[in-house]
Amino acid sequence: MAGRLPENFHEAVAGLRGDIATSRPKLASRQSSQKALEALVPAIPELVGGSADLTGSNLTLVKGMGAVTPGSYGGRYIHWGVREHGMAAAMNGMALHGGIIPYSGTFFVFTDYMRPAIRLAALMRQRVIHVLTHDSIGLGEDGPTHQPVEHLASLRAMPNVFMFRPGDALETAECWELAIRRNDGPSLLALSRQALPAMRGDAGENRSARGGYVLAEADGARSATLIATGSEVAIAMAAREALQADGIPTAVVSLPCWELFALQDESYRADVLGNVLRVGVEAASGFGWERWLGPDGIFIGMSGFGASAPFEELYRYFGITADAIAAAVKRRLG
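Numbering (my numbering), first residue to last: 616 to 949.
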């Protein structure tokens, strides 16, 4: 009821990060989230999950949780039905009551229905966690109605919300740890449908805790810094490789949580971002990116709604590719 986490929580988290660093799985971050829950749910009895009729897509249910059913309340998983607002509102009540850390599941685009309840959680500083899968045009064939392009910018604009968008399995585990440790506001995890390659093999420090960090430094004095989130981190890494091969020293920065990065001291942020050309890469609206890119930066992302096609075709069609990033850097640098 006091909100303290179990004594063995850090052991479960360390074990999870260690396993991922060793195995380096290529998984959609929604699958990585399920792997994280498999470690966290047994270690934290207070965790109570659920989904708005999208359990099979959100991957929010793990073995042994048991379902809450009419007249039987011993389970730890709630099938909310198609009622995203009601789910988020009820979770606020559960958090206010105490003794429970509630987490939800739905598609990221459906935060439109949840917004008033998320805003109240932020106002009331309640620990609720929302798992938001199918987080970009990367969901592919469901098309523009389901492809959230403006949602990252819109929720980053809401005070006291931590918006996490991890780039691989290790970052997903780190972001889950940060969401659970946070006890003064809601945490939102935007997770991919498509598989993401492992970017890191180090499990010691939770590098996502600083919001952003240098994933790969330039070989030589930096000419450009590529800054990416989520599924676009791997694309930025491929662009870095191409630029380095052409004699353009390039660094890649992963920025899984803008809000945490903004809390770091100015010298740390300056060291991470560098004082050379900055290029932002995100399969979403560029609104707000100028904060990190400055007046002379380049944004590679979406300027309108998405379309219906396999995700690889969509990334090519909208120009969010390693080749497009490398070409934009070369044009700017002359």
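Here a beta-carbon is modelled for each residue, glycine too, at the ideal position from N, C-alpha and C.
Being a predicted model, the structure only gives us computed values, none of them experimental.
Nearest-angstrom Cβ-Cβ length linking residue 827 and residue 870, presumed shorter than 8 Å:
Mapped onto the sequence shown, residue 827 falls at position 212. Mapped onto the sequence shown, residue 870 falls at position 255. Between residue 870 and residue 827 the Cβ distance is about 4 Å, and since that is below 8 Å, they are a contact.
Can you give the beta carbon distance from residue 667 to residue 698, rounded, assuming they're within the 8 Å contact cut?
Within the sequence shown, numbered from 1, the residue matching residue 667 stands at position 52. Within the sequence shown, numbered from 1, the residue matching residue 698 stands at position 83. With a Cβ gap of about 6 Å, residue 667 and residue 698 count as contacting.
Is there contact between the segment 879 to 894 and the segment 733 to 752, where contact requires at least three CB pairs shorter than 8 Å?
no
With DSSP as the reference, label residue 803 as helix, strand or coil.
As a position in the sequence shown, residue 803 is number 188, starting the count at 1. Residue state, collapsed to three classes: strand.
Taking the alpha-carbon of residue 708 as reference, which of 741, 790, 840, 862 has the nearest alpha-carbon?
Your numbering for residue 708 matches position 93 in the sequence shown. Among 741, 790, 840, 862, the Cα nearest to that of residue 708 belongs to 741.
Based on DSSP bridge pairs, tell me the residues matched to residue 895.
If you number the sequence shown from 1, residue 895 lands on position 280. Note: residue 895 is bridge-paired with 842, 914 in the DSSP secondary-structure output.
Between residue 756 and the rest of its own chain, which residues show a CB-CB distance below 8 Å, the 5 nearest in sequence each way excluded?
Position 141 of the sequence shown, counted from the first residue, corresponds to residue 756. Around residue 756: 923, 924, 925.
Can you give the beta carbon distance from residue 654 to residue 623, rounded, assuming they're within the 8 Å contact cut?
Within the sequence shown, residue 654 is the residue found at index 39, counting from 1. Within the sequence shown, residue 623 is the residue found at index 8, counting from 1. At roughly 11 Å, the Cβ-Cβ gap does not stay under 8 Å, so residue 654 and residue 623 are not in contact.
Thinking C-beta only, is residue 645 closer than 8 Å to residue 806?
As a working mapping, residue 806 is identified with position 191 in the sequence shown. As a working mapping, residue 645 is identified with position 30 in the sequence shown. Closer than 8 Å, so yes.
Closer than 8 Å, CB to CB, is residue 843 near chain C or not?
In the displayed structure, chain C is absent; only one protein chain is listed.
Just reading off the alpha helix (DSSP H) that residue 710 is part of, what are its end residues?
Locating residue 710 in the sequence shown gives position 95, counting from the first residue. Note, residue 710: alpha helix (DSSP H), 699 to 712.
Looking at the structure shown, is residue 751 part of a helix, part of a strand, or coil, going by DSSP?
Along the sequence shown, one-based indexing puts residue 751 at 136. Residue state, collapsed to three classes: coil.
What whole-angstrom Cβ distance do residue 811 and residue 643 have, given they're in contact under 8 Å?
For the purposes of this step, residue 811 is identified with residue 196 of the sequence shown, where counting begins at 1. For the purposes of this step, residue 643 is identified with residue 28 of the sequence shown, where counting begins at 1. Between residue 643 and residue 811 the Cβ distance is about 7 Å, and since that is below 8 Å, they are a contact.
Residue 719 and residue 703: beta carbons closer than 8 Å?
Locating residue 719 in the sequence shown gives position 104, where the first residue counts as 1. Locating residue 703 in the sequence shown gives position 88, where the first residue counts as 1. Yes; because the gap between Cβ atoms is below 8 Å, this pair is in contact.
With a threshold of 7 Å on Cβ separation, who are the neighbours of residue 855 within its own chain once the five nearest residues in sequence on each side are excluded?
Here residue 855 is taken as the residue at index 240 of the sequence shown, counted from 1. These residues qualify, in order along the chain: 831, 841, 865, 867.
Alpha carbon to alpha carbon, how far is residue 574 from residue 911?
In this structure the chain extends from 616 to 949, so residue 574 is not present and cannot be described.
Which residues share a DSSP beta bridge with residue 667?
In the sequence shown, the residue the question calls residue 667 occupies position 52. DSSP, once it has assigned bridges, lists no residue as partnering residue 667.
By the DSSP assignment, the beta strand (DSSP E) with residue 726 in it spans what residues?
In the sequence shown, the residue the question calls residue 726 occupies position 111. Run containing residue 726: none in the beta strand (DSSP E); it sits in the alpha helix (DSSP H), 726 to 739.
Nearest-angstrom Cβ-Cβ length linking residue 801 and residue 733, presumed shorter than 8 Å
Here the question's residue 801 lines up with position 186 in the sequence shown. Here the question's residue 733 lines up with position 118 in the sequence shown. That pair is a contact at about 6 Å.
Would you call residue 838 buried or exposed, if buried means 16 or more other Cβ atoms sit within 10 Å of its Cβ?
Translated into positions along the sequence shown, residue 838 becomes position 223. The residue is buried, with at least 16 neighbouring Cβ atoms inside 10 Å.
Who are the Cβ neighbours of residue 651 in its own chain at under 7 Å, not counting the five residues just before and after it?
By one-based count along the sequence shown, residue 651 stands at place 36. Excluding sequence neighbours, residue 651 sits near 631, 787, 788, 791.
Assumed close pair residue 785, residue 813 - CB separation to whole angstroms, cut-off 8 Å:
Here residue 785 is taken as the residue at index 170 of the sequence shown, counted from 1. Here residue 813 is taken as the residue at index 198 of the sequence shown, counted from 1. Correct: roughly 7 Å between the Cβ atoms.
Euclidean distance between Cα positions of residue 848 and residue 941
Within the sequence shown, residue 848 is the residue found at index 233, counting from 1. Within the sequence shown, residue 941 is the residue found at index 326, counting from 1. Rounded to the nearest angstrom, the two C-alpha atoms are 14 Å apart.
If we require 3 or more residues per run, which beta strand (DSSP E) segments fall completely within the segment 854 to 882?
Within the segment 854 to 882, the complete beta strand (DSSP E) runs of at least 3 residues are 865 to 869.
Does DSSP classify residue 778 as helix, strand or coil?
In the sequence shown, counting from the first residue as 1, residue 778 sits at position 163. The three-state reading of DSSP puts residue 778 in strand, counting E and B together.
Going by DSSP, name the residue or residues bridged to residue 719.
Position 104 of the sequence shown, counting from 1, holds the residue named residue 719. Residue 719 is bridged to 745.
With DSSP as the reference, identify every bridge partner of residue 693, one or two as the case may be.
Looking up residue 693 in the sequence shown gives position 78. Bridge partners of residue 693: 665.
Round the Cβ separation of residue 682 and residue 817 to the nearest angstrom and send it over; I've been treating them as touching at under 8 Å.
Along the sequence shown, read from residue 1 onward, the residue named residue 682 stands at position 67. Along the sequence shown, read from residue 1 onward, the residue named residue 817 stands at position 202. Not really, about 38 Å apart at Cβ, beyond 8 Å.
Which residues DSSP lists as bridging residue 828, in chain order:
The count along the sequence shown starts at 1 and reaches residue 828 at position 213. Answer by DSSP bridge pairing, in chain order: 869.
Residue span of the alpha helix (DSSP H) that contains residue 625, given as start and end
Within the sequence shown, residue 625 is the residue found at index 10, counting from 1. Taken as a continuous stretch (DSSP letters only), the alpha helix (DSSP H) holding residue 625 covers 624 to 638.
Residue 803 versus 945, 648, 641, 619, residue with shortest Cα-Cα distance:
Position 188 of the sequence shown, counted from the start, is the residue given in the question as residue 803. That would be 648, whose Cα lies nearest to the Cα of residue 803.
Please tell me whether residue 776 and residue 715 are closer than 8 Å, where the distance is taken between their beta carbons.
For this step, residue 776 is matched to residue 161 along the sequence shown. For this step, residue 715 is matched to residue 100 along the sequence shown. Pairing residue 776 with residue 715 gives a Cβ-Cβ distance that is not under 8 Å.
Rounded to whole angstroms, what's the CA-CA distance from residue 947 to residue 780? Just pull it up for me.
Locating residue 947 in the sequence shown gives position 332, counting from the first residue. Locating residue 780 in the sequence shown gives position 165, counting from the first residue. If I take the Cα positions, the gap works out to 28 Å.
Which word fits residue 843, buried or exposed, when buried means at least 16 other C-beta atoms lie within 10 angstroms of its C-beta?
The residue given as residue 843 occupies position 228 in the sequence shown. With 16 or more other Cβ atoms from the protein chains shown falling within 10 Å of its own Cβ, residue 843 counts as buried.
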